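Everything on this sheet refers to the single structure shown next.
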Amino acid sequence: MFNKLFLNPSLLSNIFTYPTFCQVYYLSLEFYMGRTLQNTMINLGLQNACDEAIYQLGLDIEELEEIEEDAGLGNGGLGRLAACFLDSMATLGLAAYGYGIRYEYGIFNQKIRDGWQVEEADDWLRHGNPWEKARPEYMLPIHFYGRVEHTQTGVKWVDTQVYDDKMCLGRCVLFTISLILFLVNVGDYIQAVLDRNLAENISRVLYPNDNFFEGKELRLKQEYFVVAATLQDIIRRFKASKFGSTESVRTAFDSFPDQVAIQLNDTHPAMAIPELMRVFLDIERLPWEKVGKTFRIQTDLDRLERWAETNTMKFNRDKCKILHFGRKNGNQRYRMGDDAWLDSSVCEKDLGVLVGRKMNMSQQCDAAAKKANGILSCINRGIASRSREDMYNPIHLLQKIGEDYVKDLSQLTKLHRFVNDEVFIREVSKVKQENKVKFAQYLEKEYKVKINPASMFDVQVKRIHEYKRQLMNCLHIITMYNRIKRDPMKMFVPRTVIIGGKAAPGYHMAKLIIKLITSVGHVVNNDPVVGNKLKVIFLENYRVSLAEKVIPATDLSEQISTAGTEASGTGNMKFMVNGALTIGTMDGANVEMAEEAGEENLFIFGMRVEDVAALDRRGYNAQEYYDRLPELKQVMDQIKSGFFSPKDPDMFRDIVNMLFQHDRFKVFADYEAYVKCQDKVSQLYMNSKEWTKMVIRNIASSGKFSSDRTIKEYARDIWGVEPSDLRIPPPNVPRDVADEMLANDATGKLHM
């Protein structure tokens, strides 16, 4: 399979350097790829052949898949989006490369000890990585610190610290250094990174904690590192391309904007803009006007990163003097965002990007981008539709709408015709139940907890954060528990509430939220009065491979962030296409999902954006809700009194104080509407037929959220490139024949 993947990289590279091919370069600090084996088999059409071959050897393909480590190259929605986009770029035949850092250690492995999150090193490369191919011939020097020296020939950057880098298949492959990390707390975890050699630190770990100065500086170095290495490699590729140039080595950059499109995933690689300017102005000696249209920027409101000015200046004070956009124009004026002109000092003019106590990376993007697309207003995000987590059982879909939906998710709209088909309703319900039984078996094996597969699987899996409002979910769990205890004989729709996600190592409140959830789960799961009516599971070390198990088994997807706080998202889309119904606020991608499926086919509750703004103007008083809502009062009194932490009654004091005194995300304000909406969920769940009809409507409405569609829009509207239908030959074709087939196919299409 490795040989199949790397059929002939040089041939493919040559094909994609014809003038008709614009090369797309995708820069991201994260690529949340998960495992590669399963996805590769699906994409190459080898799943059945590999399954049979493994079976003939007396092995189980699923056991083999479980051995593979999740690649520690990303964490969360941003990295997952990048992975889906790369999948779609390959499917659509775009000449695209993904650039990022090959972290030696991922974000961390999460362990739950006595209900608390504990971080362990994610040593995902301890057994090597069979999917990578090192390219030491493309080693590049990356410079840090130093000073600017003005000479007769121009500006030079001297006295720098150098980091050597090896490029591999569009991502940085760095030094592999043996190091055993151990159980650590937050301080030790980050310090274990920082205590290493300077050159080792940059690629050692994904996203170090930036709650202290060194963490911010190291993160900034990572961002500059991937930017500098990527741009050097892009220019190397451009110069090496002979097509359209009569020079032995290309030195003219007139065609650069037409042949190179650089896409930035969020604001982390925003330094690519001034860095490319520096390279063109001070190394290639070119006027910026010729290449100012190269960048296409994707901004994500979820991560508009602000860097302290002091951090940036320590990183390289002198270098900032060569980054501004109009330094060769004495009449150039500078503006602080949309506000006042910067005329007060030469130093302010000299910086040119942004001046002030904070430096906002997103402003750099807007200043130089050819086209800047806000996620919600222009091009919507999407998800890949070819991995296990993205289509819970295709067999029945194939029978109804054919196999084209795998590469064209819009075909799912055909399922609207089968909403009232009794046979199809039973088939969909049966598949969902089979997935739930399978996941229940996994939970029993891994967590030693036996759950009721007939119960509603109520799932919230995402990064643990106050704005995601896992706290509100927890308050509802306690409310359900109290209702059962108050009247054990009353009919209650059984639920298994599943919550998963990691808290940042230095995020005290998020870690305390995890402890509250696990403490509540301990009480609920061990109460004989409750029995199988309610179970609470916290999924340890949530990751892509675990998502592939839980998403297909989910009945209810929790997307309950405060309206106006979530830029977008892809997790809710994955649940939707896998037949889970959504309970959520009108926030992020929920808005688009409601537009596609109809608000009546989602469980929408709570404040809208304008309501939140009105409440802010009026003044949010949590005490009012506590005094008015008896169930909320009971829940908070239990938490305050130590009902869930009898050995340490004050354990959750910080949560209580936050909810009452400075809750920016207004949990109490949405609590009543949330509980009432959950009651509607339970009522509908009792009617299996109507529930499944709504499931089918949601699946049929999810076609818009394909990342293939998203990338087609990017290609057409942002990058100015056309997809290619070049196809890799079948695996049984000899290599020399395959190479010839590829070359002929490419040549034929180029002359059509």
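Residue 108 in full-length UniProt numbering sits at position 108 of the sequence shown; the count goes up by one each step and never skips. Ideal placement from N, C-alpha and C gives every residue a C-beta, glycine not left out. From a predicted model like this one, the values you see are computed outputs, not experimental measurements.
The straight-line gap separating the alpha-carbon atoms of Ser429 and Leu44 is approximately 30 Å.
Residue environment: Lys633 is assigned as exposed (fewer than 16 neighbouring CB atoms within 10 Å of its CB, all protein chains considered). By the Cβ rule, the region 21 to 33 counts as touching the region 56 to 75, because three or more pairs are nearer than 8 Å. For the region 589 to 636, the continuous alpha helix (DSSP H) assignments of 4+ residues that do not extend past its boundaries occur at 590 to 597, 609 to 618 and 622 to 628, in sequence order.
Between the region 515 to 522 and the region 459 to 479, the count of C-beta pairs closer than 8 Å reaches three or more; the two stretches touch. By the beta-carbon neighbour count (other beta carbons within 10 angstroms, threshold 16), Asn532 is exposed.
Taking the C-beta atoms as reference points, Asn601 is found no nearer than 9 Å to Arg483.
Ser557 is positioned such that its CB atom lies no closer than 9 Å to that of Phe665. A Cβ-Cβ contact shorter than 9 Å links Gly106 with Val205.
DSSP, reduced to helix, strand and coil, places Gly506 outside both helices and strands of the structure shown, so it counts as coil. Here Gln259 is not near Phe280, since their CB atoms are 9 Å or more apart.
DSSP assignment within the region 56 to 107 yields the following whole alpha helix (DSSP H) runs of 4 residues or more, N-terminal first: 61 to 67 and 77 to 91. Inclusion of Val520 and Tyr467 in the CB contact set at 9 Å is not warranted, their separation being larger than that value.
Counting C-beta atoms within 10 angstroms of its own C-beta, Pro505 has 16 or more neighbours from the protein chains shown and is therefore classed as buried. Looking at the DSSP output, Asn109 shares a beta bridge with Glu120. Leu534 places its beta carbon 9 Å or farther from that of Phe603. Annotation for His143: no alpha helix (DSSP H) segment contains it, though the beta strand (DSSP E) segment containing it runs Met139 to Phe144.
Taking C-alpha positions only, Asn572 is separated from Asp616 by approximately 27 Å. The three-state reading of DSSP puts Gly521 in helix, counting H, G and I together. Burial of Pro274 is indicated by the presence of at least 16 other C-beta atoms within 10 angstroms of its C-beta. Here Ser707 is actually not in contact with Leu94; their C-beta atoms are around 12 Å apart, not less than 8 Å.
For Met456, the uninterrupted beta strand (DSSP E) run begins and ends at Met456 to Val461, by DSSP.
In this chain, the alpha helix (DSSP H) harbouring His476 covers Gln470 to Arg486.
Between the region 542 to 556 and the region 659 to 676, the count of C-beta pairs closer than 8 Å stays below three; the two stretches do not touch. Within 10 angstroms of the beta-carbon of Arg628 lie fewer than 16 other beta-carbons, which makes it exposed.
In this model, Arg543 and His268 are separated by some 22 Å (Cα to Cα). Taking 9 Å as the cut-off, the Cβ atoms of Glu672 and Tyr714 do not count as close. Taking C-beta atoms under 8 Å as the contact rule, Phe538 and Ile499 qualify, at a distance of about 5 Å. A direct Cα-to-Cα measurement between Val635 and Ile477 gives close to 10 Å. Only residues of its own chain outside the window of five on either side were considered, and among them Ala700 have a CB closer than 6 Å to the CB of His416, listed in chain order. Take Leu443, set aside five residues on each side of it, and the residues of its chain with a beta-carbon closer than 7 Å to its own are Val449, Ile451 and Ile537, in chain order.
Per the C-alpha coordinates, the member of Leu684, Gln56 and Gln623 positioned closest to Val656 is Gln623. Under the three-pair Cβ rule at 8 Å, the region 117 to 131 counts as touching the region 97 to 106. Ile464 is classed as buried because its beta carbon has at least 16 other beta carbons within 10 Å across all chains shown. Taking a C-beta distance under 9 Å as the contact criterion, Met586 and Val609 qualify as a contact pair.
By the neighbour-count criterion, in which 16 or more other beta carbons inside 10 Å mark a residue as buried, Pro136 falls on the exposed side.
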